[in-house]
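Participant:
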Amino acid sequence: MQELLSSLVSVAFHGLAYGMILYVISVGLSVTMGLMGFANLAHGVFAMAGGYVMLSAMNRFGVPFPIAIAMAFVAVALGSMVLERLLYSRLYTAGELEQVLFTIGLIFMSVSVARLIYGTLPQPVYLPEEMKGQLQFLGRDFPTYRVFLIVFSIVIVGLLWFGVERTRWGAMVRAAVDYRAMAQSVGINTSRLFTLTFALGSGLAALGGALGAEIIAIQPTYPFEHLVFFLIVVSVGGLGSLRGPFFAALLIGVADTACKYWVPEFGAFFIFVATIAVLLWRPAGLFGRAA
Amino acid sequence: MSVNHAGGYIADPRTRPIEWLPWALALLCYFVAPSYLPLGSYVLTMIIFALSLDLILGYGGIITLGHSAYFGTGAYTAGILAARLTGEPLIGLAAGTLAAGLLGFVTGIVILRTRGLALLMLTLAITSLCFEVANKATAWTGGADGLGGFSVRPIVGLFKFDMFGKTAYLYCLVVLFASWWVVRRLVYSPFGASLTGVRENNLRMHAVGAPVYRRLVIAYTISAALAGLAGALLTQTTQFVGLKVLGFELSGELVVMLVLGGVGRIYGAFIGPLVYLIAQDYLAKQFPEYWYFFIGAILVMVVMFARGGILGILDAGIDRFRRGFR
Amino acid sequence: MSAVLETRGLCKSFGALTVAEQIHFRLERGARHALIGPNGAGKTTFVNMLTGRLTPSSGQIVLGGEDITALGQAERVKRGLGRTFQINTLFRNSPVLDNVAFAVAERKGVAGRMFRPASGYREVIDESMTLLESLGLAQDARVPVVGLPYGKQRLVEIAIALGLKPRVLLLDEPAAGVPSMESHRILAVLEQLPEDIAILIIEHDMDLVFRFAQRITVLTQGSVLAEGSPAEIGADSRVREVYLGERHV
Chain V
1 MQELLSSLVS VAFHGLAYGM ILYVISVGLS VTMGLMGFAN LAHGVFAMAG GYVMLSAMNR
61 FGVPFPIAIA MAFVAVALGS MVLERLLYSR LYTAGELEQV LFTIGLIFMS VSVARLIYGT
121 LPQPVYLPEE MKGQLQFLGR DFPTYRVFLI VFSIVIVGLL WFGVERTRWG AMVRAAVDYR
181 AMAQSVGINT SRLFTLTFAL GSGLAALGGA LGAEIIAIQP TYPFEHLVFF LIVVSVGGLG
241 SLRGPFFAAL LIGVADTACK YWVPEFGAFF IFVATIAVLL WRPAGLFGRA A
Chain U
292 MSVNHAGGYI ADPRTRPIEW LPWALALLCY FVAPSYLPLG SYVLTMIIFA LSLDLILGYG
352 GIITLGHSAY FGTGAYTAGI LAARLTGEPL IGLAAGTLAA GLLGFVTGIV ILRTRGLALL
412 MLTLAITSLC FEVANKATAW TGGADGLGGF SVRPIVGLFK FDMFGKTAYL YCLVVLFASW
472 WVVRRLVYSP FGASLTGVRE NNLRMHAVGA PVYRRLVIAY TISAALAGLA GALLTQTTQF
532 VGLKVLGFEL SGELVVMLVL GGVGRIYGAF IGPLVYLIAQ DYLAKQFPEY WYFFIGAILV
592 MVVMFARGGI LGILDAGIDR FRRGFR
Chain R
618 MSAVLETRGL CKSFGALTVA EQIHFRLERG ARHALIGPNG AGKTTFVNML TGRLTPSSGQ
678 IVLGGEDITA LGQAERVKRG LGRTFQINTL FRNSPVLDNV AFAVAERKGV AGRMFRPASG
738 YREVIDESMT LLESLGLAQD ARVPVVGLPY GKQRLVEIAI ALGLKPRVLL LDEPAAGVPS
798 MESHRILAVL EQLPEDIAIL IIEHDMDLVF RFAQRITVLT QGSVLAEGSP AEIGADSRVR
858 EVYLGERHV
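Chains V, U and R supply the protein sequences, listed in that same order.
Note that the working numbering has the first sequence beginning at 1, numbered continuously upward.
Note that the working numbering has the second sequence beginning at 292, numbered continuously upward.
Note that the working numbering has the third sequence beginning at 618, numbered continuously upward.
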């Protein structure tokens with residue numbers, strides 16, 4: 001009984017950590033898909049890039065952890081802005097096939113660049129001294145880093161939700177997600193809004209990728225391997241929604257961890273079955289609006 | 292301006308002389324370039340796979356990133372059958388085709404109720420599901436190591452698979468010919484025309500009383516069966532089946548190959564894989580990473596500037612050539 | 618004379634928003650009927666309910682004496698209900714002939730055949746060509762629709778619906794987007810339509826309405842305001858008020 005409780009807590013804790021990371025990475029995808037109607041399958045590239053920037057900064061240049069994280073966010077956000085202005089924006093009105101092809105092309109390009117620069121092995125993650133070790137809570141040990149991860153993610157999520165609910169930028173995003181054409185006629189500069197939002201979403205992905213490097217290994221095949229999960233979070237949660245993907249991410253984080261722990265012979269099998277079931281029941285996601 | 296997809300009510304269904312060119316080239320290759328036959332077999336197999344995708348994507352307009360689920364199902368069915376029951380190739384082909392077709396039917400009736408991102412997601416989820424099953428069911432599939440060590444018996448008891456890949460090549464060629472014949476008939480039929488209608492204007496197809504869902508399910512099932520045929524063929528000609536046949540990467544590569552050649556044109560499915568795989572064979576050996584980057588860049592540029600693929604570029608060139616004569 | 622198409626108490630609400638309220642409507646055989654009303658009156662919503670694209674909240678739709686309220690779009694088409702769209706809804710990259718042939722082939726039940734080439738179905742092609750000839754589009758048969766001027770595309774829009782040999786034809790703003798100089802062509806086509814088809818057009822072009830229609834129904838805010846002959850409607854002060862905002866003095 002003690003053991004069962006112990007493993008339940010462990011699964012819940014690690015599932016929570018994984019789920020939070022999934023959310024931080026995927027929330028940007030949800031917003032850009034809801035806002036620009038653009039299926040950015042290459043979203044994982046930004047998460048991967050964030051991971052590489054942070055780890056390179058720390059491992060090769062000895063940059064301290066907090067600064068490396070900030071660098072990941074800023075570098076990828078800026079880079080994504082350039083990409084958006086130059087390439088993405090030309091395809092907002094293009095058909096679905098073109099968008100899919102374009103993003104696959106981007107994935108191919110970034111995967112090969114990553115392999116060229118960093119090789120095929122996963123990047124080693126050396127946690128800063130203060131984050132190593134365990135924290136004691138209610139008689140149990142929890143890895144310090146993961147506690148930090150959960151807390152930090154909650155803070156980020158809180159800031160994000162606050163920002164979208166209370167700021168003018170957030171109001172514009174919400175309006176534009178709901179009625180793109182209307183938003184334009186009300187004088188919202190949609191192209192600037194798109195660029196900023198895209199940058200924020202990509203920056204968050206980079207943050208998630210960097211923070212989560214210990215859970216989701218940073219290696220060149222990252223965008224291929226984990227695309228499915230980011231898309232599941234977004235499509236099950238609901239495009240354009242903030243809260244939907246949050247619950248979806250937590251669900252998936254915990255479910256995946258639970259499955260890997262208790263029924264490893266099945267792996268992610270149940271997650272996929274559940275996703276298929278949910279999407280058939282509600283194609284727009286649990287919290288999405290039918291287009 | 293001319294219509295740039297094959298099929299329809301005014302299209303002439305008779306085989307034009309130039310359509311015999313691919314077969315002539317294929318036979319030429321057999322006699323003239325024997326060392327390239329293994330690559331040739333792979334190209335022929337991928338052409339069948341691309342044809343299957345063209346049916347559902349180029350004609351039906353259904354964007355899928357999960358077609359490798361059916362390819363892989365056919366591949367593993369043929370492999371498991373050869374390993375456990377019989378190495379008779381034609382039975383393996385039939386089994387692979389049937390298994391994939393069945394999966395295609397079951398998944399098709401379920402996912403074709405949705406559209407857009409939900410549909411794309413479902414195709415990804417299905418192929419991930421199949422991948423996971425193959426990955427874990429190691430007793431049957433060999434898991435990450437793959438399944439090998441089975442032998443394929445001579446075709447109809449007469450044609451033995453040789454070391455140089457000659458039998459394999461001709462085997463693939465014959466199967467491709469049969470597949471091509473079936474796809475071509477389908478494309479030029481009223482059914483094929485109605486698929487084009489569904490792709491071009493789903494709403495209007497409903498408004499003229501077409502049973503759109505039923506047509507798409509049928510097309511999807513045939514497409515899946517054909518993909519399974521290609522997969523089974525690959526297993527038999529390489530005498531091995533591994534997890535790659537179920538990966539999302541393969542689905543992605545296939546879409547690239549088809550788009551490169553030209554979507555909805557039958558021969559795009561011929562040119563695309565040919566050009567892609569030959570280029571890959573040559574370039575990837577020398578510069579493997581640059582190859583991947585190159586392909587990605589080409590894809591981005593095709594989307595930005597040349598949506599019709601190679602055939603589209605040829606078309607535009609021919610149009611300009613003709614106009615120069617006036 | 619029994620109506621070929623009839624609605625009884627047709628209602629539609631989206632939550633608190635009522636877009637159709639107790640619409641009683643009759644379309645007689647061979648009718649030349651127009652549905653008019655200001656923007657947002659619910660005309661297209663009504664047509665969408667008739668064709669099955671939209672499910673009514675309550676009420677009945679009866680076609681040829683049969684209750685079709687629960688039937689889907691394709692089944693209603695099979696029972697002789699055809700429509701055109703306000704915005705051209707065509708198979709743009711296909712030739713004009715194919716556009717019509719899709720409809721003809723569906724009607725003849727051969728559209729799902731998989732073996733003989735489509736071009737071998739002479740019955741389908743000949744019928745489609747005849748239809749195109751009657752609309753003056755024969756010379757464009759091989760041209761992809763996207764290459765035609767908008768006015769001709771609008772005619773293709775009608776041709777497709779005619780290929781279904783409907784008993785009831787619903788035309789949603791057939792002259793929409795066509796320059797007024799060319800709308801006479803549309804009117805000419807409408808006037809030549811077979812006498813036994815019941816036709817309902819939605820239109821804003823009052824010229825066309827008054828020249829074509831034998832009966833007019835006026836819809837405002839989801840309910841029927843008035844119905845009658847063109848003369849009656851033209852003289853009706855309530856109608857004038859709705860359109861021109863005139864106060865009844």
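Even glycine gets a Cβ: it sits at the ideal position worked out from N, Cα and C.
Computed from a predicted structure; not experimentally measured.
#1: Just to confirm, is the Cβ distance from V:GLY19 to V:ALA249 under 8 Å?
#2: Can you tell me whether V:TYR179 is buried or exposed? The criterion is at least 16 other CB atoms within 10 Å of its CB, across all chains shown.
#3: If you measure between the beta carbons of U:VAL323 and U:LEU565, is that distance less than 8 Å?
#4: Assuming R:LEU644 and R:ILE678 make a contact with CB atoms under 8 Å, what is their CB distance in whole Å?
#5: Which residue marks the beginning of the beta strand (DSSP E) containing R:ARG832, and which one marks its end?
#6: Verify whether the separation of the beta carbon atoms of U:GLY370 and U:LEU319 is less than 8 Å.
#7: Comparing C-alpha positions only, which one of V:MET58, V:VAL9 and V:PHE61 sits nearest to V:THR257?
#8: How big is the Cα-Cα spacing for R:LEU765 and R:LEU749?
#9: Is it the case that the Cβ atoms of V:PRO122 and V:GLN2 are separated by a distance below 8 Å?
#10: Mind checking who V:GLN136 pairs with in its DSSP beta bridge?
#11: At the 8 Å Cβ level, is R:THR834 part of the contact set with chain U, yes or no?
#12: Determine, for R:ALA620, whether the minimum Cβ-Cβ distance to residues of chain U falls below 8 Å.
#13: Just checking: is the beta-carbon of U:THR306 within a distance shorter than 8 Å of some beta-carbon in chain R?
#14: In chain V, which residues lie less than 9 Å from U:ILE400 when you measure between Cβ atoms?
#15: By the 9 Å beta-carbon criterion, what residues does the stretch 236-251 of chain V contribute toward chain U?
#16: Along chain U, which residues have their Cβ under 9 Å away from the Cβ of R:LEU707?
#17: Determine the direct distance from the alpha carbon of U:ALA523 to that of U:THR368, and round the result to whole angstroms.
#18: For the alpha helix (DSSP H) holding R:VAL785, just list the boundary residues, first then last.
#19: Rounded C-beta distance between V:ILE271 and V:CYS259? I'm assuming under 8 Å.
#20: Since U:ASP345 contacts U:LEU549 with CB under 8 Å, what's their CB separation in whole angstroms?
#21: Considering only residues of the same chain and omitting the five flanking positions on each side of V:HIS14, which have a CB-CB separation below 6 Å?
#22: Taking the CB atoms as reference points, tell me whether U:GLY365 and U:GLY331 lie closer together than 8 Å.
#23: Rounded to the nearest angstrom, what separates V:GLY240 and U:ILE601 at their Cα positions?
#24: From U:ARG642 to U:VAL508, what distance separates their C-alpha atoms?
#25: So R:GLN621 and R:ALA815 are supposed to be a Cβ contact under 8 Å. How far apart are they, rounded?
#26: Is the Cβ of U:MET292 closer than 8 Å to any Cβ of chain R?
#27: Going straight from the alpha carbon of V:GLY50 to that of U:ALA409, what length do you get?
#28: With DSSP collapsed to three states, give me the class of R:ILE653.
#29: In whole angstroms, give me the CA-to-CA distance for R:LEU781 and R:ARG724.
#30: Comparing alpha-carbon positions, which option in R:SER711, R:LEU698 and R:ALA852 lies nearest U:HIS296?
#31: Flag this pair as yes or no: are the beta carbons of V:VAL82 and V:MET71 separated by less than 8 Å?
#32: Below 8 Å on the Cβ atoms is my contact criterion, and I expect V:PHE287 with V:GLY237 to pass it. Report the Cβ-Cβ distance as a whole number of Å.
#33: Determine the burial state of U:VAL447: buried for a count of at least 16 other Cβ atoms within 10 Å of its Cβ, exposed for fewer.
#34: Are the stretch 793-806 of chain R and the stretch 585-600 of chain U touching, with three or more C-beta to C-beta distances below 8 Å?
#35: For the stretch 372-389 of chain U against the stretch 511-529 of chain U, do three or more pairs of beta-carbon atoms, one drawn from each stretch, fall closer than 8 Å, so that the two count as touching?
#36: Whole angstroms are fine: how far does the CA of V:ALA217 sit from the CA of R:GLN770?
Facilitator: A quick look at the data gives this:
#1: Pairing V:GLY19 with V:ALA249 gives a Cβ-Cβ distance under 8 Å.
#2: With a 10 Å radius around the Cβ and a threshold of 16 neighbouring Cβ atoms, V:TYR179 comes out exposed.
#3: Taking the C-beta atoms as reference points, U:LEU565 is found no nearer than 8 Å to U:VAL323.
#4: Contact between R:LEU644 and R:ILE678 fails: their C-beta atoms lie close to 11 Å from each other, not under 8 Å.
#5: Per DSSP, R:ARG832 belongs to the beta strand (DSSP E) from 832-837.
#6: No, the Cβ-Cβ distance between U:GLY370 and U:LEU319 is not below 8 Å.
#7: It is V:VAL9.
#8: Spanning the two alpha carbons is a distance of roughly 14 Å.
#9: No, the Cβ-Cβ distance between V:PRO122 and V:GLN2 is not below 8 Å.
#10: Answer is V:ASP141.
#11: Answer no: the Cβ-Cβ gap between R:THR834 and chain U never drops below 8 Å.
#12: R:ALA620 is outside the set of residues whose beta carbon lies under 8 Å from a beta carbon in chain U.
#13: So no, U:THR306 is outside the interface.
#14: Within chain V, no residue comes near U:ILE400; the closest Cβ sits about 11 Å away, beyond 9 Å.
#15: Those would be VAL236 and LEU239, in chain order.
#16: Chain U residues near R:LEU707: GLU491, ASN492 and ARG495.
#17: So the alpha carbons of these two residues sit roughly 7 Å apart.
#18: Here R:VAL785 belongs to no alpha helix (DSSP H); instead the beta strand (DSSP E) covers 785-789.
#19: V:ILE271 to V:CYS259, Cβ: 7 Å. Contact.
#20: That belief holds up - the Cβ atoms of U:ASP345 and U:LEU549 are roughly 6 Å apart, short of 8 Å.
#21: So the qualifying residues of the chain are THR257.
#22: No.
#23: Each residue's alpha carbon lies about 36 Å from the other.
#24: Nothing can be reported for residue 642 of chain U: it is not among the residues displayed for chain U, which extend from 292 to 617.
#25: One detail in the question is off: residue 621 of chain R reads as Val in this sequence, not Gln. Right, the Cβ-Cβ distance comes to about 5 Å (below 8 Å), so this counts as a contact.
#26: With a pLDDT of only 37 at U:MET292, under 50, the local geometry of the prediction cannot be trusted, and the value read off the model is given with reservation. Chain R, which has a Cβ nearer than 8 Å to the Cβ of U:MET292, makes this yes.
#27: Going from the Cα of V:GLY50 to the Cα of U:ALA409 covers about 28 Å.
#28: Three-state DSSP puts R:ILE653 in a strand.
#29: Near 6 Å, if we compare the C-alpha coordinates of R:ARG724 and R:LEU781.
#30: It is R:SER711 whose Cα lies nearest to the Cα of U:HIS296.
#31: No, these two residues do not count as a Cβ contact at 8 Å.
#32: V:PHE287 to V:GLY237, Cβ: 6 Å. Contact.
#33: Exposed, since its Cβ has fewer than 16 Cβ neighbours within 10 Å.
#34: In this structure the stretch 793-806 of chain R does not touch the stretch 585-600 of chain U; the number of beta carbon pairs closer than 8 Å is below three.
#35: Yes, they touch.
#36: When rounded, the separation of the alpha-carbon atoms in R:GLN770 and V:ALA217 is 56 Å.
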